[in-house]
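Residue numbers (our numbering), protein chains in the order written: chain X, 8 to 388; chain U, 8 to 388; chain P, 8 to 388.
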Amino acid sequence: MNETEPSGLIDHHCHGVIRRDLDRTGFELLLTEAGSVGALGGSALDSQIGFAVRRWCAPLLDLPPHAEAEVYLERRAELGHAEVTARFLQAAGLDALCVDTGFEPEPLLSPQQLGEVAGASSYEIVRLEQVAEQTAPTTTAAGFADAVRDRLAQRAQTAVGFKSIAAYRHGLRLAGERPSDAEVRIAADDWLASANGDARTPLRLTHETLHRFLVWCAVELGLPVQFHVGYGDADVNLDRCDPLLLTDLLRAIEPTGVPVLLLHNYPFHRQAGFLAQVFANVFLDVGLATHNLGRGSRALIAEALELAPFGKFLYSSDAFGLPELYYLGAVLFRRGLAEFLDAGVAADEWTAADAARVARLIGSENAKRVYRLTPAARVTA
Amino acid sequence: MNETEPSGLIDHHCHGVIRRDLDRTGFELLLTEAGSVGALGGSALDSQIGFAVRRWCAPLLDLPPHAEAEVYLERRAELGHAEVTARFLQAAGLDALCVDTGFEPEPLLSPQQLGEVAGASSYEIVRLEQVAEQTAPTTTAAGFADAVRDRLAQRAQTAVGFKSIAAYRHGLRLAGERPSDAEVRIAADDWLASANGDARTPLRLTHETLHRFLVWCAVELGLPVQFHVGYGDADVNLDRCDPLLLTDLLRAIEPTGVPVLLLHNYPFHRQAGFLAQVFANVFLDVGLATHNLGRGSRALIAEALELAPFGKFLYSSDAFGLPELYYLGAVLFRRGLAEFLDAGVAADEWTAADAARVARLIGSENAKRVYRLTPAARVTA
Amino acid sequence: MNETEPSGLIDHHCHGVIRRDLDRTGFELLLTEAGSVGALGGSALDSQIGFAVRRWCAPLLDLPPHAEAEVYLERRAELGHAEVTARFLQAAGLDALCVDTGFEPEPLLSPQQLGEVAGASSYEIVRLEQVAEQTAPTTTAAGFADAVRDRLAQRAQTAVGFKSIAAYRHGLRLAGERPSDAEVRIAADDWLASANGDARTPLRLTHETLHRFLVWCAVELGLPVQFHVGYGDADVNLDRCDPLLLTDLLRAIEPTGVPVLLLHNYPFHRQAGFLAQVFANVFLDVGLATHNLGRGSRALIAEALELAPFGKFLYSSDAFGLPELYYLGAVLFRRGLAEFLDAGVAADEWTAADAARVARLIGSENAKRVYRLTPAARVTA
């Protein structure tokens with residue numbers, strides 16, 4: 008393996024793998040961020056990600072590269088989901104995975120199971136809004152702040168980071184100030200009142216003050232905070248997901264020294280690179296976009312690295328559901344990063360030794376440093 | 008011709024050609040989106056589009072590639088506008104044109120004439136705001152909704168799609184909800200009242216509710232709806248033309264299955280690609296930008312295809328006035344798409360057969376499917 | 008030297024060089040736009056700009072290309088700041104510098120000294136907000152407009168342009184209208200009242216009306232107006248720095264014919280290119296970003312030139328403090344522009360003669376024309 012293709016990657020943000028076989032519709036629905044599959048726009052497999060699956064994933068199922076979609080899906084069904092999952096996770100070449108356990112619309116492999124299948128350490132990332140939504144039904148507006156803080160402190164015992172999904176709800180235009188407990192009480196009162204009257208509907212936090220409160224709780228606990236930024240599914244209003252909307256909050260968090268990790272970022276990855284340059288505690292990745300862009304991910308990685316210092320860029324897949332995505336993210340990231348680094352060496356703009364060092368930083372060392380990943384923090388049974 | 012250079016393109020959004028000879032100022036004014044020609048910034052021909060005209064268009068006027076601008080303009084005048092128009096439209100290699108008939112500041116070739124000169128089928132696209140502005144003087148606020156609906160239904164008999172120019176007026180921040188007739192009445196009342204008192208000024212629709220009403224009329228008629236998005240002339244406030252501002256409306260239209268086509272999009276083409284991935288009925292092109300970017304259009308096409316499924320991307324020139332633009336758009340699009348596809352084949356990331364198939368989808372098949380283009384829908388005398 | 012690498016560049020926007028030796032922290036702080044240097048994110052030298060310094064600057068200090076950072080800094084200290092400054096400024100190959108004298112947190116080389124060291128003509132750019140802040144303490148709200156106009160008229164005697172830093176304060180969402188003197192009086196009253204009570208705090212202008220008033224004063228004096236746009240340090244809220252926010256103001260200024268220069272622009276350089284195409288008096292550069300992106304500046308230059316006419320694009324370094332940045336900006340700009348132009352020649356999309364002509368326009372002729380640079384306007388003792 009090329010020295011500029013980092014071998015033992017740390018995937019600092021992913022989800023679990025689904026545990027069932029899939030028909031073509033089921034596969035296409037999990038392949039991209041589209042909310043449905045229909046004839047009007049053609050197949051989801053006729054796309055950069057679809058062509059990348061056929062090119063890179065088919066050989067792991069004993070097929071020739073570029074196998075037709077139908078052939079691929081037949082072979083996949085023949086092998087069964089457990090075998091397919093094992094092949095892709097092992098081939099991804101991961102040293103560690105940090106798993107967001109806050110989104111589980113159906114049974115998924117747990118962090119521990121993911122780690123076992125992948126032959127990698129696994130760590131937990133706790134979704135802030137989920138904790139708040141789980142806490143709300145058993146508390147009052149007056150008790151909300153303390154109850155959430157307690158619950159988060161408890162979760163921090165075994166997690167290596169938190170994640171905010173404010174992007175999917177209020178959007179990223181969050182104020183900088185740490186809200187007072189009085190402000191949190193008022194906001195919780197609003198929220199709980201608006202949710203009253205239908206106990207069957209799950210609580211859905213969308214209040215700016217509460218998103219911000221959760222982030223500050225995480226900061227006080229001293230664990231890295233991930234933010235969903237940019238690219239997501241059809242539920243996201245992408246115009247509210249520009250990382251620049253976080254500027255005031257990032258400026259307010261910076262003095263604490265707590266790392267903030269901007270996830271995905273596409274198509275605002277240059278903006279994220281700017282934030283990573285100017286704020287000492289801001290980091291970024293291009294997860295989710297990497298595998299969705301397929302061959303196009305090379306330009307994405309190069310653009311993210313225009314301003315971002317090499318010590319501020321991390322790898323993540325943001326894979327969910329399909330085991331292909333853990334592998335494809337890793338393959339495309341390795342290739343894209345190597346192409347970026349090798350081209351600079353070829354043009355004599357940096358040295359091979361520097362390129363290899365940068366590959367190690369980005370592939371795993373930045374993640375180890377930011378999350379302080381140690382054996383003790385690993386997920387165990 | 009290379010198989011990845013689609014031969015019979017469908018230009019799904021263009022305007023008419025002017026019918027007079029031009030001096031240098033007249034030519035430069037029609038070449039780009041600039042509102043004036045002046046000495047301070049040099050010649051409009053010293054630009055990517057100017058160099059592309061000299062490179063690709065000069066040979067069609069029997070000149071060597073890269074002929075100087077003055078030589079080019081002299082030869083153009085010598086041949087006369089009719090001959091020049093015939094040469095460029097025939098050389099564009101079009102199977103069909105969909106012509107927006109709603110902008111005609113001076114006499115232009117009609118859709119039928121364009122089709123005859125180009126040797127292609129031609130279809131009509133009806134501009135929604137123009138219909139509303141034509142309807143307003145002969146109706147009242149109370150009768151506006153019905154009168155517009157009637158007129159649009161009538162136009163839909165012979166058109167293949169509608170177009171909204173909300174981007175040029177209110178901007179694209181349109182709500183999702185279909186307005187009620189009562190809301191339309193109030194909005195029409197506002198609009199007609201504000202326009203009162205000067206019968207000589209043409210009515211100019213800029214009301215958010217009315218733009219939205221028009222779009223929903225089009226959706227109810229079941230015809231594809233085009234939106235001007237992004238890049239346009241000096242009248243546009245480009246910060247209000249990001250396609251992401253349409254998110255709520257796109258989400259509301261999606262269940263109807265009516266296709267929405269995002270036109271131009273530059274420099275928000277990645278955002279448009281995102282929308283095309285996540286919403287089943289959203290499509291995009293990079294018309295207008297393609298010929299304006301000249302050689303730079305290669306990167307544009309590649310970026311638009313990062314997320315957009317290959318079944319969601321179409322060709323348009325958005326040519327207006329100069330016959331060169333119908334040809335140049337087609338040449339640059341063919342070259343840019345072929346370069347994108349061939350590079351993937353050369354890198355063994357997809358196959359030559361897949362590349363040829365994608366070229367056919369993007370060159371014409373997507374347009375045929377979306378607009379249901381049939382001989383019966385053609386413009387006739 | 009290649010003909011497409013312009014030799015005698017005009018750097019139309021830069022600052023002064025610091026006059027002291029630097030330790031590693033001091034050097035890293037001046038190298039990028041980061042507000043601090045810390046261990047969490049690694050060294051600022053592990054970045055595109057850091058690798059570019061080692062590649063391009065080391066040889067000027069008699070070191071091999073790619074010298075390690077520590078070796079570089081030791082050699083730099085050994086030579087001393089005066090010698091280092093002389094080497095880099097002379098090697099930058101500048102014909103002229105336009106120096107913004109409005110930011111001097113510590114003693115810097117004056118425009119005249121810069122010019123002497125660089126062997127180039129130097130000209131002054133006057134920062135509008137600084138003049139207003141200097142004028143305020145000695146006037147009243149009622150007298151403010153006249154006092155500022157007088158002071159600016161005086162400064163215009165010896166300057167070649169003005170600069171607005173509204174981007175750093177209110178942001179670029181400025182209205183188009185020239186404010187009346189009554190509006191200025193009210194705004195000045197607000198501002199001076201809010202600043203009252205603490206005479207030791209320097210006045211900091213952030214009022215939209217006053218920023219706009221200053222720009223219109225500059226326009227009335229007929230000198231080119233520079234705007235900070237986009238990329239800057241951690242004090243900037245980049246979401247308020249999109250050049251598209253200036254659209255109404257640019258449209259209002261256009262009829263005056265006074266040139267407006269959009270500086271930096273990253274990551275909104277495509278938006279700036281659009282404005283340069285559609286408004287006759289708008290120009291742009293990619294200063295500051297050019298050296299910060301290192302090898303990545305090639306794509307930046309190509310993207311800026313997608314829509315911008317070649318007569319509308321200028322060179323600036325926006326260098327401040329470190330003499331390396333004057334040199335690095337020039338080296339990277341020359342290389343990036345040459346790569347852009349040479350690739351077009353190699354692909355036969357324009358001619359070598361055209362490429363050489365464009366290099367001269369962008370390297371110096373556009374600046375000469377826009378600023379009317381004449382010996383008489385030069386800074387003298």
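All C-beta atoms in this analysis are idealised placements derived from N, C-alpha and C, irrespective of residue type, glycine included.
What you are looking at is a predicted structure, and each value in this text was computed from that prediction instead of being measured.
Whole-number beta carbon distance between residue j and residue i, since they are thought to touch under 8 Å
i, j, result
"V232 (chain X)", "G168 (chain X)", "7 Å"
"E140 (chain P)", "L210 (chain P)", "5 Å"
"A306 (chain U)", "S324 (chain U)", "Not confirmed; about 18 Å, so no contact."
"L181 (chain U)", "L245 (chain U)", "The Cβ separation is near 17 Å, so there is no contact."
"E10 (chain P)", "A354 (chain P)", "Not quite, the Cβ-Cβ distance comes to about 17 Å (not below 8 Å), so this is no contact."
"L47 (chain X)", "A149 (chain U)", "Going by Cβ atoms, the distance from L47 (chain X) to A149 (chain U) rounds to 37 Å, so no, they are not a contact pair."
"H20 (chain P)", "L270 (chain P)", "5 Å"
"L253 (chain X)", "L179 (chain X)", "5 Å"
Which residues DSSP lists as bridging residue i, in chain order
i, result
"R134 (chain X)", "X:K170"
"F347 (chain U)", "Partner(s): none; F347 (chain U) has no beta bridge."
"S50 (chain U)", "Beta-bridge pairing links S50 (chain U) to no other residue."
"C105 (chain U)", "U:Y130"
"V289 (chain U)", "U:V267"
"I25 (chain U)", "U:L115"
"F320 (chain U)", "U:L291"
Backbone secondary structure at residue i - three-state DSSP
i, result
"D3 (chain X)", "Residue numbering for chain X in the displayed model covers 8 to 388; residue 3 (chain X) lies beyond these limits and cannot be assessed."
"V226 (chain X)", "helix"
"T214 (chain P)", "In the sequence under discussion, the amino acid at residue 214 (chain P) is His, which differs from the Thr named in the question. Looking at H214 (chain P) - three-state DSSP - the assignment turns out to be coil, as it is neither helix nor strand."
"L282 (chain X)", "helix"
"Q164 (chain P)", "coil"
"V232 (chain U)", "strand"
"H20 (chain U)", "strand"
"P382 (chain U)", "helix"
"A155 (chain X)", "The residue asked about is misnamed: residue 155 (chain X) is Val in this sequence, not Ala. If DSSP states are grouped into helix, strand and coil, V155 (chain X) belongs with the helices."
"S201 (chain U)", "helix"
"S304 (chain P)", "helix"
"V44 (chain P)", "coil"
"Y389 (chain X)", "Nothing can be reported for residue 389 (chain X): it is not among the residues displayed for chain X, which extend from 8 to 388."
"L181 (chain P)", "coil"
"D196 (chain P)", "helix"
"E310 (chain P)", "helix"
"A99 (chain X)", "coil"
"A315 (chain U)", "coil"
"E140 (chain P)", "helix"
* **Continuous alpha helix (DSSP H) assignments of at least 4 residues falling wholly in the region 248–276 of chain P** => Correct list: 254–260.
* Give the residues from the region 267–278 of chain X that approach chain U closer than 9 Å (Cβ to any Cβ), ordered along the chain. => Residues of the region 267–278 of chain X with a C-beta atom less than 9 Å from some C-beta of chain U are Y273 and P274, listed in chain order.
* **Proximal residues, the region 23–55 of chain P versus chain X, C-beta separation under 9 Å** => Considering only beta carbons, the part of the region 23–55 of chain P lying closer than 9 Å to chain X consists of T39, E40, A41, G42, S43, V44, G45, A46, L47, G48, G49, S50, A51, L52, D53, S54 and Q55, in chain order.
* To do: Taking a Cβ distance cut-off of 7 Å, strictly less, list which residues of the region 331–347 of chain X are near chain U, in chain order.
  => Those would be none; no residue qualifies.
* At a Cβ cut of 9 Å, what residues of the region 292–309 of chain X count as close to chain U, listed as they run along the chain? -> Only those residues of the region 292–309 of chain X whose C-beta falls short of 9 Å from the nearest C-beta of chain U are listed: A296, N299, L300, G301, R302, G303, S304, A306 and L307.
* Using a beta-carbon distance cut-off of less than 8 Å, what residues from the region 249–260 of chain U approach chain X? -> Interface annotation for the region 249–260 of chain U against chain X: D249, L251, L252, T254, D255 and R258, criterion Cβ-Cβ distance under 8 Å.
* Which of the residues in the region 176–195 of chain P, read from start to end, lie with their CB under 7 Å from any CB of chain U? -> For the region 176–195 of chain P, no residue has a beta-carbon sitting nearer than 7 Å to a beta-carbon of chain U.
* **Under 8 Å (Cβ pairs) to chain X, residues found in the region 229–242 of chain P** => Of all residues in the region 229–242 of chain P, Y238, D240 and A241 have a Cβ within less than 8 Å of some Cβ in chain X.
* Name, going along the chain, the residues of the region 314–327 of chain P whose beta-carbon falls closer than 8 Å to a beta-carbon of chain U. => Look at the region 314–327 of chain P: the residues with a C-beta under 8 Å from a C-beta of chain U are L314, A315, P316, F317, G318 and K319.
* **alpha helix (DSSP H) runs wholly inside the region 332–377 of chain U, at least 4 long, in chain order** => Runs of the alpha helix (DSSP H) inside the region 332–377 of chain U: 359–367.
* To do: Jot down the residue ranges of each uninterrupted alpha helix (DSSP H) in the region 51–81 of chain X, minimum 4 residues, whole runs only, in chain order.
  => Here the runs fully enclosed are 55–59.
* Asked: According to a CB-to-CB cut-off of less than 7 Å, which residues of the region 93–111 of chain U neighbour chain P?
  -> Contact residues of the region 93–111 of chain U toward chain P are absent (C-beta to C-beta distance below 7 Å).
* Positions along the region 211–222 of chain U whose CB lies within less than 7 Å of some CB in chain X -> Considering only beta carbons, no part of the region 211–222 of chain U lies closer than 7 Å to chain X.
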